[in-house]
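Numbering (the numbering used here), first residue to last: 819 to 1249. No residue lacks a Cβ here, since even glycine has one placed at the ideal position from N, Cα and C.
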Ligand code: KE4
């Protein structure tokens, strides 16, 4: 049996950094990544046979836990009918209908294979539909690695402390304005100066790539007003929050607090694929029909709407749409955060945390950060020590302070109590 270290050494010979996505390399927290052999319910099992309670959930998709019977059965059934056709299928219609059922701001959507692809396509559509080039994003938000959006990203890059990526030509980002999250003054100023040139504003409504930072209501209300007034499209990146913080995503939370609130375009991923490569972007028909083959905005994909991925996504969405699912998941997640904060208080350690639905975050700080600079000022050294102490005790948190955590429906009372027992020990050790 190869150890994690042996596998990491072998991986680094053939794959840059030994990983196919940077944040998996443990560079932010140090140490050797765990090579996962299999997963079951709330658990991961690494190559050495060690079991971990999983709070990454594949960075969000595994909301039901691993190997949910209904999902597994749907995928096996789809595999038996063929893997990919390059032609339309009924299940793509079913999945689109199911997603649209829960997201009233969208009349149509298009399926793609990753959140990056969905965000990139939404961006091109916004530019094509408005005839404008300028886009606005917020420091600390991550919308995948499309060039124009890879500016001061909050996931991966922020962890490495490189606010922008090499290889992104200045020309590509000259139209990308990066503002401070939750900063009303900068928002007003940007629209005063550039309002008529802004194609869209893209935002993570709850910034999971800064661990867990909510967009304040007055900020979000102003953002909506300014976009409407200046003819810019408001794009909600719900790749992480969509079907994770609730059935209608974060936009449903804002619509409850701000009657009539809705984004113009939305981007989804992760949960809607149930662990398979599937994402989507959507909006009102008038905007979506700008897309090829109807309109001038080109967008395409060999595996878009893949029949196995749609089976996995559809089975997942049908399970999470069951009555009481999110109430139970949100209660469990709140219980986890409350337990962590109680353990920190007992250890005399400053910790704050928050959660929504099955997504949570915590910081070693006195108060919840409201923006990227405040996230960067929290005690990352203590987080890293805590991360490893928990990992040693069989609890797998996100291996970077700037990433959110995820609870699944498979996390029960015993997993919660085991996590909190590990936290009480780890908080003392990490002091
Ligand atoms: P993907 O291309 O990784 O499917 O999605 C990009 C993306 C877009 N928008 C948001 C809000 C996202 O969180 C992501 C991807 N999230 C990261 C973790 N924060 C994925 C993990 C990784 O990069 O390995």
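Say yes only if the C-beta of residue i is nearer than 8 angstroms to one or more non-hydrogen atoms of the ligand KE4, and no if none qualify.
| i | result |
| --- | --- |
| residue 1174 | no |
| residue 1057 | yes |
| residue 842 | yes |
| residue 1027 | yes |
| residue 955 | no |
| residue 1221 | yes |
| residue 961 | yes |
| residue 996 | no |
| residue 1113 | no |
| residue 1127 | no |
| residue 1085 | yes |
| residue 932 | yes |
| residue 1088 | yes |
| residue 1097 | yes |
| residue 937 | yes |
| residue 983 | no |
| residue 883 | no |
| residue 900 | no |
| residue 1157 | no |
| residue 1122 | no |
| residue 1145 | no |
| residue 878 | yes |
| residue 1022 | yes |
| residue 820 | no |
| residue 839 | yes |
Am I right that residue i and residue j are in contact with their C-beta atoms under 8 angstroms? What's the rounded C-beta distance?
| i | j | result |
| --- | --- | --- |
| residue 886 | residue 1065 | Not confirmed; about 17 angstroms, so no contact. |
| residue 1086 | residue 847 | Not a contact, Cβ separation roughly 29 angstroms. |
| residue 1170 | residue 892 | With 8 angstroms as the limit, residue 1170 and residue 892 do not qualify as a contact, their Cβ atoms being about 40 angstroms apart. |
| residue 1216 | residue 874 | 5 angstroms |
| residue 947 | residue 1051 | 7 angstroms |
| residue 861 | residue 852 | Actually they are not in contact, since the Cβ atoms of residue 861 and residue 852 sit about 12 angstroms apart, beyond 8 angstroms. |
| residue 1189 | residue 999 | 5 angstroms |
| residue 1197 | residue 1183 | 7 angstroms |
| residue 932 | residue 962 | 7 angstroms |
| residue 925 | residue 1102 | 5 angstroms |
| residue 1181 | residue 1029 | 6 angstroms |
| residue 1017 | residue 950 | 4 angstroms |
| residue 1020 | residue 1055 | 6 angstroms |
| residue 1141 | residue 1069 | About 21 angstroms separates the two Cβ atoms, so there is no contact after all. |
Judging by CA-CA distance, which residue of the options is the nearest neighbour of residue i?
| i | options | result |
| --- | --- | --- |
| residue 1126 | 1094, 1156, 1148 and 1098 | 1094 |
| residue 1067 | 1138, 1048, 1050 and 998 | 1138 |
| residue 1136 | 830, 1090 and 1193 | 1090 |
| residue 1207 | 1172, 1247, 1076 and 1014 | 1247 |
| residue 1111 | 931, 943 and 935 | 943 |
| residue 996 | 958, 985 and 1017 | 958 |
| residue 939 | 1117, 1010 and 1104 | 1117 |
| residue 877 | 906, 866, 1088 and 894 | 1088 |
| residue 1212 | 884, 992, 1152 and 1237 | 1237 |
| residue 1228 | 1026, 857 and 1001 | 857 |
| residue 1042 | 1002, 937 and 1108 | 1002 |
| residue 1082 | 952, 1100 and 1124 | 1100 |
| residue 855 | 923, 849 and 866 | 866 |
| residue 929 | 1197, 1124 and 1077 | 1124 |
| residue 988 | 1055, 966, 1166 and 1226 | 966 |
| residue 927 | 1174, 1109, 1155 and 1141 | 1109 |
| residue 1230 | 819, 882, 829 and 1160 | 882 |
| residue 879 | 1226, 1241 and 1245 | 1226 |
| residue 1004 | 956, 1046 and 1157 | 956 |
| residue 986 | 968, 994 and 1096 | 968 |
| residue 1075 | 1045, 1046 and 1037 | 1037 |
| residue 1245 | 1221, 1199, 1220 and 822 | 1199 |
| residue 1155 | 1144, 1179, 894 and 837 | 1179 |
| residue 935 | 923, 1144, 964 and 1061 | 964 |
Residue i bridges to which residues according to DSSP?
| i | result |
| --- | --- |
| residue 1174 | 1177 |
| residue 864 | 854 |
| residue 1056 | 1086 |
| residue 960 | In the DSSP output, where bridge partners are listed per residue, residue 960 has none listed. |
| residue 884 | 859 |
| residue 1092 | 1094 |
| residue 1099 | 928 and 1085 |
| residue 1130 | DSSP lists no partner for residue 1130. |
| residue 1018 | 953 and 1051 |
| residue 1251 | Here the chain covers residues 819 to 1249 and nothing more, so residue 1251 does not appear. |
| residue 892 | BP columns for residue 892 are empty, so no partner. |
| residue 1024 | 1032 |
| residue 1224 | 1177 |
| residue 897 | Answer is none; residue 897 lacks a bridge partner. |
| residue 1064 | 1060 |
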